[in-house]
Every structure is written in structure tokens, then in C-alpha cells.
Amino acid sequence: RMGIFGKLTYGDYSDGNRKLEYFAEANYKISQTPLLLLGLNRYRMDFRDPAVQFVGPQGESTSAYYDPIDFDQWSVRVEFAQDVGRWFRYGLEDRFYYIPEYSGYGNSIFAFAKIKWSDANAVTLNARYFYQDSGVGRLEPTDEFDAINYVIAYEHKL
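Just so you know, we're using our numbering here: the sequence shown kicks off at 679 and counts up by one.
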């Protein structure tokens, strides 16, 4: 019923920048069917250099991508997931998180549907909402932040 999960990502960007990112989680599975899970996570992301800046028509400047230095976040998450037959799974996940550097907090809510066509291949559709009481810029905190995104991911297990 206890689990440990980790993910390490190294990114080499076309502008010559490099990213190092890791995620680690310890969790406890309260129920298997349907899945009900409680987890504690740590996430870190660091870019070697600032992202390229774009200047708009009124002289405003914005980064080409999110490029924090030593971004650190702790979170608690609750996940619910239900299988419908062998090839379809749906669920919800809620995370409450804390950003120590700025004493910031946030919440994210994810909804997902996963369609498998074999034991090794699947497509996941995600809708995600994020809120932070202050954003995290490259060098300093920014204003309150919220966002919605949609992700389609292909998964292949070796």
C-alpha cells in the first residue's frame, strides 16, 4: 500500500539553455478499486540561463518559456481513479502545495481520461487548473497566478 515514485528530466533547449527537473513522491494507497491515494511530493526545476526575451510592440518584454532558478515545491495530493473495463480509466486529482522560497501556496485540480489499446500503449487526455497566491519568476516572486491547460500524452511502457 506504500509507494515511492521518482522522475528525473534533463532538457537541452534549441537556444542552448539546459534544464534539470526532478519529482519524487511517497504515497499511501487507501483503496485499490476504485483507486484512492494520498501522497507527499517534492518537485524541483532549474534552468542554467535566462530564457530568450521577446519585446512586444509597446516595448513589453516576456520570456520565451518559464525559466526559474532552483524552483522548489512541496505538495500533498489526493487522487481518485476508476477503471471502466480493461481499456478505459478516468479520475480526479487535487494538490495543495507550498513554495518555501516565497512562503507561497497553491492548489491544482486535474481531471483525466486514459484510453489503452494494449498493455504497453495508451493515450491520456488531461484538463488542469492551477492557482498560486504569488507566481515564481526567475529571480523574484510575481503576482497571483492561475492557469488552465489541456494535455494529450502518449505513453509507451517498455
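All residues carry an ideal CB built from backbone N, CA and C; glycine is no exception.
Predicted model only: the values in this text are computed from it and were never measured.
Can you give me the C-alpha to C-alpha distance between I830 and G769, rounded to a whole angstrom?
For the purposes of this step, residue 830 is taken as the residue at position 152 of the sequence shown. For the purposes of this step, residue 769 is taken as the residue at position 91 of the sequence shown. Each residue's alpha carbon lies about 15 Å from the other.
For D811 and V801, I'd like the C-alpha separation in whole angstroms.
Position 133 of the sequence shown, counted from the start, is the residue given in the question as residue 811. Position 123 of the sequence shown, counted from the start, is the residue given in the question as residue 801. Their Cα atoms are separated by approximately 32 Å.
In angstroms, rounded to a whole number, what distance separates the CA positions of F774 and N799?
If you number the sequence shown from 1, residue 774 lands on position 96. If you number the sequence shown from 1, residue 799 lands on position 121. Looking at the two C-alpha atoms, the distance is approximately 30 Å.
Between the CA atoms of A729 and S692 - distance to the nearest angstrom:
Position 14 of the sequence shown, counted from the first residue, corresponds to residue 692. Position 51 of the sequence shown, counted from the first residue, corresponds to residue 729. Approximately 11 Å between the Cα atoms of the pair.
Take the Cβ of F725 as the centre, count every other Cβ of all protein chains shown within 10 Å, and call the residue buried at 16 or more, exposed below.
On the sequence shown, position 47 is the one that residue 725 refers to. Counting C-beta atoms within 10 angstroms of its own C-beta, F725 has 16 or more neighbours from the protein chains shown and is therefore classed as buried.
With a threshold of 8 Å on Cβ separation, who are the neighbours of Y828 within its own chain once the five nearest residues in sequence on each side are excluded?
Working through the sequence shown from its first residue, we reach residue 828 at position 150. Same-chain partners within the cutoff: L803, N804, A805, R806.
Can you name the start and end residues of the beta strand (DSSP E) that G784 belongs to?
Taking the first residue of the sequence shown as 1, we reach residue 784 at position 106. First-last of the beta strand (DSSP E) with G784: 782-794.
Is the CB-CB distance between Y706 and L698 below 7 Å?
Counting from 1 along the sequence shown, the entry for residue 706 is found at position 28. Counting from 1 along the sequence shown, the entry for residue 698 is found at position 20. Cβ atoms of Y706 and L698: not closer than 7 Å.
Look at the alpha carbon of Y700 and the alpha carbon of Y721, and state the distance between them as a whole number of angstroms.
Residue numbering aside, residue 700 sits at position 22 when the sequence shown is read from its first letter. Residue numbering aside, residue 721 sits at position 43 when the sequence shown is read from its first letter. Spanning the two alpha carbons is a distance of roughly 6 Å.
Taking only the alpha-carbon atoms, compute the straight-line gap between E771 and R755 and give it to the nearest angstrom.
Within the sequence shown, numbered from 1, the residue matching residue 771 stands at position 93. Within the sequence shown, numbered from 1, the residue matching residue 755 stands at position 77. In a straight line, the C-alpha of E771 is about 7 Å away from that of R755.
Write down the C-beta distance between S741 and Q731 rounded to the nearest angstrom, noting that I regard them as a contact closer than 8 Å.
In the sequence shown, the residue the question calls residue 741 occupies position 63. In the sequence shown, the residue the question calls residue 731 occupies position 53. So it is a contact: roughly 6 Å between Cβ atoms.
Which of the three DSSP states, helix, strand or coil, is assigned to P778?
For this step, residue 778 is matched to residue 100 along the sequence shown. It is helical.
Can we count F725 as close to the ligand ZN, meaning its CB is less than 6 Å from some heavy atom?
The model depicted lacks the ligand ZN and carries no ligand whatsoever.
According to DSSP, simplified to helix, strand and coil, what is A825?
Here the question's residue 825 lines up with position 147 in the sequence shown. Three-state result, A825: strand.
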